[in-house]
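Peer 1:
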Amino acid sequence: MTGQVVDSHLHLIDPDRLDYPWIGTGNELDTSWDAQRFAAEALRVTAAIGGEAGVAPGHAGGEVSWVRSQAAAHPWIRGMVAQLPVEQPGALAAGLSQFRGDDLIAGVRRNLQDEPAGCLSDASLRDGIRRLGQAGLPFDACVRSWQLTELAELAAACPDTMIVLDHLGKPRCGTDLAPWRAAIAAVAARPNVRCKLSGLTTEAAAAACRGDLIAALHVAIDSFGVSRCLYGGDWPVCTLATSPDAWLDVVLAALDQAHATEAERAEVLTRTAMRTYQLRPIPAATPSEGVSR
27 MTGQVVDSHL HLIDPDRLDY PWIGTGNELD TSWDAQRFAA EALRVTAAIG GEAGVAPGHA
87 GGEVSWVRSQ AAAHPWIRGM VAQLPVEQPG ALAAGLSQFR GDDLIAGVRR NLQDEPAGCL
147 SDASLRDGIR RLGQAGLPFD ACVRSWQLTE LAELAAACPD TMIVLDHLGK PRCGTDLAPW
207 RAAIAAVAAR PNVRCKLSGL TTEAAAAACR GDLIAALHVA IDSFGVSRCL YGGDWPVCTL
267 ATSPDAWLDV VLAALDQAHA TEAERAEVLT RTAMRTYQLR PIPAATPSEG VSR
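Using my numbering, you'd call the opening residue of the sequence shown number 27 and step up by one each time.
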């Protein structure tokens, strides 16, 4: 038994409502991925946090509205990490004003993984991330492994903002991870950074095996400690390579390899996410949706 599981990285996607430039027509993800569908596939997840799904900038407000409607119908959705252009002072101020007092908004993400070298040193970006800390909101950092050194420097420059590293910084499991291990240690040295145990399968090399994934997760758990690691499923992107249930089993295997106690497992699977995103307590029983939850 795994007990309560908070999935800290759930994308809800509806191409009929919103524009997702990264998906493209004909892509396997170019269809509706709503909360009902997630509930039927992620049977052991008891609560989740919706994360912005790369909508076109003009659709960010519409995405918040749609996720809000999903959360109203499915109360196990406990919050949302919304998209905001943190490097644009005016847009950031307007967004923070709208989010003030909004129980749905648990954090902010501005996807950085495709930005050029030096982006994370930009003064406007850093100022914006500092403003998130002042507003009491964590910043989700989606970066690639080569950007981790810059992320460590950004975290040092924004010490009062909680930064949540998505997908362990996207190491390519099945290849030489020595540079990534050194970089992740530098990031973990910053006490204001948390690490999501998510997203490895779609980044892995073709030759990668389950053991490679577990080894990378073990590095993250050792580097950050259980109190700064949180489980994430990355649904539906994960379905390109695995299932939500299979990925949870990989994370559980990594915790077993780390000889995690029940209390330490609960940190990774539930408590770190609850603290990081300041979520309300999870009810003892989640309302049934026709599937075992």
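Glycine included, C-beta positions come from ideal geometry on N, C-alpha and C.
Quick caveat: nothing in here was measured; it's all calculated off a predicted structure.
Between which two residues does the beta strand (DSSP E) containing Ile49 stretch?
Peer 2: Premise fails: Ile49 is in no beta strand (DSSP E) and is neither H nor E.
Peer 1: Buried or exposed: which applies to Glu229, given that a residue is buried once 16 or more other Cβ atoms fall within 10 Å of its Cβ?
Peer 2: The residue in question, Glu229, is buried, as its Cβ has 16 or more Cβ neighbours within 10 Å.
Peer 1: Does the segment 219-234 touch the segment 184-195, meaning 3 or more C-beta pairs lie closer than 8 Å?
Peer 2: Flag = yes, the segment 184-195 and the segment 219-234 touch.
Peer 1: Alpha carbon to alpha carbon, what distance is there between Ala82 and Glu176?
Peer 2: Distance between the alpha carbons of Glu176 and Ala82: 26 Å.
Peer 1: Under a three-way DSSP split, which group does Met188 fall into?
Peer 2: The answer is coil: DSSP assigns Met188 none of H, G, I, E or B.
Peer 1: Measuring alpha carbon to alpha carbon, tell me which of Gly159, Glu141, Thr302, His85 ends up nearest Arg254.
Peer 2: For Arg254, the nearest C-alpha among the options comes from Thr302.
Peer 1: Enumerate, from N- to C-terminal direction, the unbroken beta strand (DSSP E) stretches of 3 or more residues contained entirely within the segment 74-113.
Peer 2: Within the segment 74-113, the complete beta strand (DSSP E) runs of at least 3 residues are 103-109.
Peer 1: Return yes when the Cβ of Ile247 is within less than 9 Å of the Cβ of Val294, no when it is not.
Peer 2: Yes, they are a contact pair.
Peer 1: Among Arg236, Val263, Asp128, Pro262, which has the Cα closest to the Cα of Leu278?
Peer 2: Comparing Cα positions, the closest option is Arg236.
Peer 1: Since Ala167 is in the beta strand (DSSP E), which residue starts that stretch and which ends it?
Peer 2: Here the beta strand (DSSP E) through Ala167 covers 165-167.
Peer 1: Please give me, in chain order, every unbroken run of the beta strand (DSSP E) with length at least 3 that falls completely inside the segment 107-148.
Peer 2: For the segment 107-148, whole beta strand (DSSP E) runs of length 3 or above, ordered along the chain, are 131-135.
Peer 1: Any idea what DSSP makes of Leu55, helix, strand or coil?
Peer 2: Here Leu55 sits in coil by DSSP.
Peer 1: What's the gap between the Cα of Ile155 and the Cα of Ser147?
Peer 2: Distance between the alpha carbons of Ile155 and Ser147 is about 11 Å.
Peer 1: Could you give the distance in angstroms between the alpha-carbon of Gln160 and the alpha-carbon of Leu122?
Peer 2: Taking the straight line joining both Cα atoms gives about 10 Å.
Peer 1: Which same chain residues, not among the five before or five after His244, have their C-beta less than 8 Å away from its C-beta?
Peer 2: Excluding residues within five positions, the ones whose Cβ falls inside 8 Å are Ala280, Gln283, Ala284.
Peer 1: Where does the unbroken beta strand (DSSP E) through Leu281 begin, and where does it stop?
Peer 2: Element bounds for Leu281: not the beta strand (DSSP E) but the alpha helix (DSSP H), 270-283.
Peer 1: Answer yes or no: do Ala242 and Leu203 have a C-beta to C-beta separation smaller than 9 Å?
Peer 2: A contact, by the Cβ cut-off of 9 Å.
Peer 1: Let me know if Ser95 comes out buried or exposed under the rule of 16 or more other beta-carbons within 10 Å of its beta-carbon.
Peer 2: Exposed, because fewer than 16 other Cβ atoms sit within 10 Å of the Cβ of Ser95.
Peer 1: With 9 Å as the threshold, decide whether the Cβ of Arg207 is near any Cβ in chain B.
Peer 2: The displayed structure is made up of one protein chain only, and chain B is not part of it.
Peer 1: Among the candidates Ser249, Pro217, Val219, whose CA atom is the shortest distance from the CA of Ala208?
Peer 2: Of the candidates Ser249, Pro217, Val219, the one whose C-alpha sits nearest the C-alpha of Ala208 is Ser249.
Peer 1: Starting from Val219, follow the beta strand (DSSP E) in both directions and report where the run begins and ends.
Peer 2: Looking at the DSSP string, the run of the beta strand (DSSP E) that includes Val219 is 219-223.
Peer 1: Going by CA-CA distance only, name the one from Thr268, Leu118, Gly76 that's closest to Pro101.
Peer 2: Answer by Cα proximity: Gly76.
Peer 1: Classify His37 as helix, strand or coil using the three-state DSSP reduction.
Peer 2: Coil, per DSSP.
Peer 1: Straight-line CA distance for Asp128 to Glu113?
Peer 2: Cα to Cα, Asp128 sits roughly 22 Å from Glu113.
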